[in-house]
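K.L.:
Got a structure here, written out as structure tokens. Questions coming.
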Amino acid sequence: MYILGVSFFYHDSAVALLKDGDLIAAAEEERFSRKKHDSGFPKLAIEFCLRQAGITASDLDYIVFYEKPLVKFERILMTAMGAFPKSWQAFGEAMVAWFDQKLWIKSLLAEQVGAPAEKILFTEHHLSHAASALYCSPYEEAAILTVDGVGEWTTTTMGRGQASWTDGSRNEITLLSEQRFPHSIGLLYSAFTAFLGFQVNEGEYKVMGMAPYGQPRYMDKVYQVINLQADGSFWLDMDYLSYHYSSTQSYNGKFVKLFGEPRVPESDFFTADTHPDINPNDPLVKQNQYYADVAASIQKVTEDTLIKMANHLHQQTGLKKLCMAGGVALNSVANGRLLRETPFEELYIQPAAGDSGGALGAALYAYHILLKQPRKFVMQDAYWGQGYTENEIKAFLDSRSIAYEYVGDDSRLFEQLAAELQAGKVIGWFQGRFEWGPRALGNRSIMADPRRADMKGIVNEKIKFREPFRPFAPAVLEDRTAEFFDCANPDRHYPPRYMLMVFDVHPDKQTVIPATTHQGGTARIQTVRREWNPRYYDLIKAFGDKTGVPVLLNTSFNLRGEPIVSSPANAYNTFSKSGIDILVLDHFVIRK
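See the structure below:
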């Protein structure tokens with residue numbers, strides 16, 4: 012049985028394909044279209060998934076869309092009428108989009124995929140999120156927390172789920188409580204994202220990266236906007252916000268009166284912490300410090316909200332395992348606190364926690380809940396995208412007359428690369444199938460020596476062309492993790508393998524790996540086990556054998572504003588336009 016899950020028309024369009032309950036392929040459309048956060052119909056991703064499985068659309072048993080468009084349309088109509096006349100412009104824009112395409116999802120899928128309408132199903136947005144985490148986890152029973160901007164009406168759910176390996180009739184997801192639009196911790200965080208000069212639905216992780224350079228001095232002001240209860244429920248004072256009636260502005264003049272003038276987008280960010288030699292009394296330094304303090308404040312409020320939710324959910328369910336999805340589940344700092352500060356002992360987070368993961372969740376929901384099929388699959392890694400053979404790589408290089416060295420012996424290749432890394436070279440690393448979700452996890456990565464304090468600036472400014480405060484992740488051998496990070500029993504935890512959790516760096520190791528130690532002495536780690544990715548593991552090990560530090564700086568293989576590379580051509584283009592010293596395409600090595 013083949014089930015295709017799809018999500019599109021909002022942001023991060025994506026497709027996932029199941030065969031008898033096993034995942035065959037999953038990819039975001041942006042990886043093929045090269046349009047970051049592509050929200051269009053995922054034609055190229057659908058073609059890839061079918062090609063990967065060796066089937067055609069006629070072989071599909073079901074196509075499942077990740078939410079219910081008519082219910083979402085009802086929310087937009089009701090909200091627009093409630094906010095009229097402020098909403099007139101956004102309402103007009105929404106009606107054009109909805110009557111043009113968004114209301115006709117079933118007919119569009121039938122036409123574009125070539126499948127009969129009776130094969131097309133719909134799930135609810137947050138049930139798709141819930142299924143994407145529960146049915147990819149190793150757990151048979153778990154509490155479930157989904158938190159994002161908004162689905163149809165829902166913005167947050169708390170519940171529990173059954174995921175049987177033997178009796179599919181026992182499979183169920185029960186939602187115990189929910190928050191509804193316009194009250195959304197995800198949309199509140201996005202409002203602060205816009206205030207701090209970043210793009211909504213793209214720059215939230217930049218706010219998280221800015222927060223460590225500030226102190227949460229303005230939580231009292233944030234709590235004038237959000238009223239948080241002990242059980243994690245909340246309501247927002249919508250007098251400060253405008254996302255419910257505007258498509259272009261998420262906060263209003265009252266918000267500006269409370270928090271001051273917003274940060275100018277794309278302006279330089281520097282504080283006494285980012286530039287220790289700068290005059291701390293410089294007015295621009297003080298202004299940037301204020302923005303860092305605001306970022307720290309909304310970050311802390313978000314963390315505290317999630318912790319209250321998780322504590323209440325544990326009281327309701329008594330369960331020790333928690334599954335999470337929704338865009339807010341990508342907040343790796345909050346995730347670290349959830350594991351440390353709540354009674355939950357194990358935590359599984361869908362690697363593609365945002366809307367893209369809804370495509371996978373929709374397919375899993377249909378297979379396990381609607382069709383009552385037992386479990387067959389655990390998502391042990393994230394390598395579900397397109398791969399390229401050596402013949403394809405060679406054909407590309409030869410077609411462009413690109414000089415290369417072919418090193419077929421991995422041990423010799425890794426010895427060479429470890430020496431190059433030790434000498435300060437930056438490597439673009441391309442192998443296997445590309446990753447599912449927003450993180451580069453060793454198949455489409457830029458890697459460098461984490462022991463060099465200057466490497467953070469080199470990679471940010473000369474290679475990624477992005478803000479200098481942005482942090483990098485340390486990729487560490489799983490069996491050596493506890494030597495460097497406050498992460499006991501890393502083999503039990505799934506989020507670190509997906510770079511979804513922040514841990515403290517041991518004080519005596521912070522100066523050993525300064526390029527991947529964040530402000531405040533933490534790191535968003537990626538643990539690597541050989542069975543998940545042998546070549547990636549062996550490269551890190553070769554560097555560790557040479558230096559005594561089994562850690563590499565890992566960041567996504569892309570330039571600022573572009574999706575992570577997919578093909579050899581994408582990789583070579585990024586290599587050519589950046590300060591990357593060496594490009595490794597499987598066993599082909601290209602040097603500048």
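Residue numbers (this note's numbering): 12 to 603.
Beta carbons: idealized from backbone N, C-alpha and C, even for Gly.
(1) Helix, strand or coil: how does DSSP classify Leu563 here?
(2) Give me the residue from Leu371, Met335, Val344 with the minimum Cα distance to Arg535.
(3) Flag this pair as touching only if the region 181-195 and the region 159-166 have three or more C-beta atom pairs under 8 Å; answer yes or no.
(4) Confirm, please, whether the CB-CB distance from Arg386 to Tyr77 is below 8 Å.
(5) At 3 residues or longer, what runs of the beta strand (DSSP E) sit wholly inside the region 226-256?
(6) My guess is that Leu34 and Leu15 are in contact by the Cβ rule of under 8 Å, so how many angstroms apart are they, rounded?
(7) Within the same chain, show all residues whose beta-carbon is closer than 7 Å to that of Pro479, passing over the 5 residues directly before and after it, in chain order.
(8) Between the beta-carbon of Arg171 and the beta-carbon of Thr353, is there less than 8 Å?
(9) CA-CA distance, Val437 and Asp31?
(10) Tell me the rounded alpha-carbon separation between Ile413 and Ile601.
(11) What would DSSP say about Ala434, mapped onto helix, strand or coil?
(12) Looking at Pro362 and Arg444, is the spacing between their C-beta atoms short of 8 Å?
(13) What are the start and end residues of the beta strand (DSSP E) that includes Gln537?
(14) Just to confirm, are Pro506 and Leu564 a CB contact at a threshold of 8 Å?
(15) With 16 as the cutoff for other CB atoms within 10 Å, does Leu432 come out buried or exposed?
(16) Regarding Ala37 and the ligand FMN, is the C-beta to nearest heavy atom distance less than 7 Å?
(17) Is Gly197 closer than 8 Å to Val82 when the C-beta atoms are compared?
(18) According to DSSP, simplified to helix, strand and coil, what is Ala484?
(19) Specify the secondary structure class of Ser410 as computed by DSSP and reduced to three states.
(20) Is the distance from the Cβ of Ser625 to the Cβ of Asp23 below 8 Å?
(21) Should Ala126 and Ile74 be called a contact, given that it needs their Cβ atoms to be closer than 8 Å?
(22) On a CA-only basis, which of Gln298, Leu269, Ala142, Leu349 is nearest Gln173? Give me that one, please.
(23) Give every residue of the same chain whose Cβ lies closer than 7 Å to the Cβ of Tyr21, excluding the five residues on either side of it in the sequence, and list them in chain order.
(24) Could you check which residue in Ser188, Val305, Glu135 has the C-alpha nearest to that of Tyr229?
(25) Taking Cβ to Cβ, would you say Gln397 is nearer than 8 Å to Asp597?
(26) Which residues in the same chain have their Cβ closer than 7 Å to the Cβ of Arg348, if we skip the five residues on either side of it in sequence?
(27) Under the three-state reduction of DSSP, which class applies to Lys383: helix, strand or coil?
(28) Verify whether the separation of the beta carbon atoms of Val312 and Val233 is less than 8 Å.
(29) Buried or exposed for Gly220, please, with buried defined as at least 16 other CB atoms from any protein chain shown within 10 angstroms of its CB.
(30) Beta carbon of Ala56, beta carbon of Val26: below 8 Å?
(31) Please classify Gly369 as buried or exposed, where buried requires at least 16 neighbouring CB atoms within 10 angstroms.
(32) In angstroms with no decimal places, state the Cα-to-Cα distance between Val539 and Gly337.
(33) Buried or exposed: where does Arg508 fall if 16 or more other Cβ atoms within 10 Å of its Cβ makes it buried?
(34) From which residue to which residue does the beta strand (DSSP E) around Glu41 run?
(35) So Trp176 and Glu152 are in contact, right, with Cβ under 8 Å, and what is the actual spacing, rounded?
(36) My output table needs one value for Gly338: the three-state DSSP class, helix, strand or coil.
P.N.:
In this structure, then:
(1) Within the sequence shown, numbered from 1, the residue matching residue 563 stands at position 552. Note: Leu563 maps to strand in three-state DSSP.
(2) To locate residue 535, count along the sequence shown from 1; it is residue 524. That would be Val344, whose Cα lies nearest to the Cα of Arg535.
(3) The region 159-166 and the region 181-195 touch, with three or more beta-carbon pairs separated by less than 8 Å.
(4) On the sequence shown, position 66 is the one that residue 77 refers to. On the sequence shown, position 375 is the one that residue 386 refers to. The Cβ-Cβ distance between Tyr77 and Arg386 does not fall below 8 Å.
(5) If we require 3 residues or more, the beta strand (DSSP E) runs fully inside the region 226-256 come out as 237-239, 245-247.
(6) As a first step, residue 34 must be located in the sequence shown, where it is residue number 23. As a first step, residue 15 must be located in the sequence shown, where it is residue number 4. Contact doesn't hold; Cβ gap of about 12 Å is too wide.
(7) For the purposes of this step, residue 479 is taken as residue 468 along the sequence shown, with counting starting at 1. Setting aside the 5 residues that flank it on each side, Pro479 is surrounded in the same chain by Thr285, Gly468, Asn471, Glu472, each with a C-beta closer than 7 Å to its C-beta; the list follows chain order.
(8) Start at 1 with the first residue of the sequence shown, and residue 171 comes out as number 160. Start at 1 with the first residue of the sequence shown, and residue 353 comes out as number 342. Taking C-beta atoms as the reference points, Arg171 and Thr353 fail to come closer than 8 Å.
(9) In the sequence shown, the residue the question calls residue 437 occupies position 426. In the sequence shown, the residue the question calls residue 31 occupies position 20. Rounded to the nearest angstrom, the two C-alpha atoms are 42 Å apart.
(10) By one-based count along the sequence shown, residue 413 stands at place 402. By one-based count along the sequence shown, residue 601 stands at place 590. Taking the straight line joining both Cα atoms gives about 8 Å.
(11) Numbered from its first residue, the sequence shown carries residue 434 at position 423. Coil.
(12) Sequence index remark: in the sequence shown, residue 444 carries index 433 (1-based). Sequence index remark: in the sequence shown, residue 362 carries index 351 (1-based). No, the pair does not count as a contact, with Cβ atoms beyond the cut-off.
(13) Here the question's residue 537 lines up with position 526 in the sequence shown. Counting along the chain, the beta strand (DSSP E) containing Gln537 begins and ends at 537-539.
(14) Counting from one through the sequence shown, the residue named residue 506 turns up at place 495. Counting from one through the sequence shown, the residue named residue 564 turns up at place 553. No, Cβ-Cβ distance for Pro506 and Leu564 is not below 8 Å.
(15) Walking along the sequence shown from the start, residue 432 turns up at place 421. The residue is buried, with at least 16 neighbouring Cβ atoms inside 10 Å.
(16) As for the ligand FMN, it is missing from this structure, which has no ligand bound.
(17) Here the question's residue 82 lines up with position 71 in the sequence shown. Here the question's residue 197 lines up with position 186 in the sequence shown. Against a cut-off of 8 Å, the Cβ pair of Gly197 and Val82 comes out as no contact.
(18) Locating residue 484 in the sequence shown gives position 473, counting from the first residue. In the structure shown, Ala484 sits in a strand (DSSP, three-state: E or B).
(19) As a position in the sequence shown, residue 410 is number 399, starting the count at 1. Under the three-state reduction of DSSP, Ser410 is assigned to helix.
(20) One cannot answer for residue 625 here, as it falls past the ends of the chain, which runs 12 to 603.
(21) Indexing the sequence shown from 1 puts residue 126 at position 115. Indexing the sequence shown from 1 puts residue 74 at position 63. Yes, the pair counts as a contact, with Cβ atoms nearer than the cut-off.
(22) Position 162 of the sequence shown holds residue 173. Selected option, being the one with the closest Cα: Ala142.
(23) Here the question's residue 21 lines up with position 10 in the sequence shown. So the list reads Ser50, Asp366, once near-sequence residues are dropped.
(24) Reading the sequence shown from its first residue, position 218 is the one you call residue 229. Nearest of Ser188, Val305, Glu135 to Tyr229, Cα basis: Val305.
(25) One-based indexing of the sequence shown puts residue 397 at position 386. One-based indexing of the sequence shown puts residue 597 at position 586. At the C-beta level, Gln397 and Asp597 stay beyond 8 Å of one another.
(26) Residue numbering aside, residue 348 sits at position 337 when the sequence shown is read from its first letter. Counting only residues of its own chain and dropping the five nearest sequence neighbours on each side, Arg348 has a CB closer than 7 Å to the CB of Glu314, Ile318.
(27) As a position in the sequence shown, residue 383 is number 372, starting the count at 1. Coil, per DSSP.
(28) Looking up residue 312 in the sequence shown gives position 301. Looking up residue 233 in the sequence shown gives position 222. It is a contact, given that the beta carbons lie within the stated cut-off.
(29) Start at 1 with the first residue of the sequence shown, and residue 220 comes out as number 209. Gly220 should be labelled buried.
(30) Taking the sequence shown and counting its residues from 1, one reaches residue 56 at position 45. Taking the sequence shown and counting its residues from 1, one reaches residue 26 at position 15. Closer than 8 Å, so yes.
(31) In the sequence shown, residue 369 corresponds to position 358, counting from 1. Flag for Gly369 reads buried.
(32) To locate residue 539, count along the sequence shown from 1; it is residue 528. To locate residue 337, count along the sequence shown from 1; it is residue 326. Val539 and Gly337: Cα-Cα distance of roughly 24 Å.
(33) Along the sequence shown, read from residue 1 onward, the residue named residue 508 stands at position 497. Around the beta carbon of Arg508, a 10 Å sphere encloses 16 or more other beta carbons of the protein chains shown; the residue is thus reported as buried.
(34) Position 30 of the sequence shown, counted from the start, is the residue given in the question as residue 41. Segment 41-44 is the alpha helix (DSSP H) holding Glu41; no beta strand (DSSP E) there.
(35) As a first step, residue 176 is located in the sequence shown; it is residue number 165 there, counting from the start. As a first step, residue 152 is located in the sequence shown; it is residue number 141 there, counting from the start. The Cβ separation is near 11 Å, so there is no contact.
(36) Taking the first residue of the sequence shown as position 1, residue 338 is located at position 327. Note: Gly338 maps to helix in three-state DSSP.
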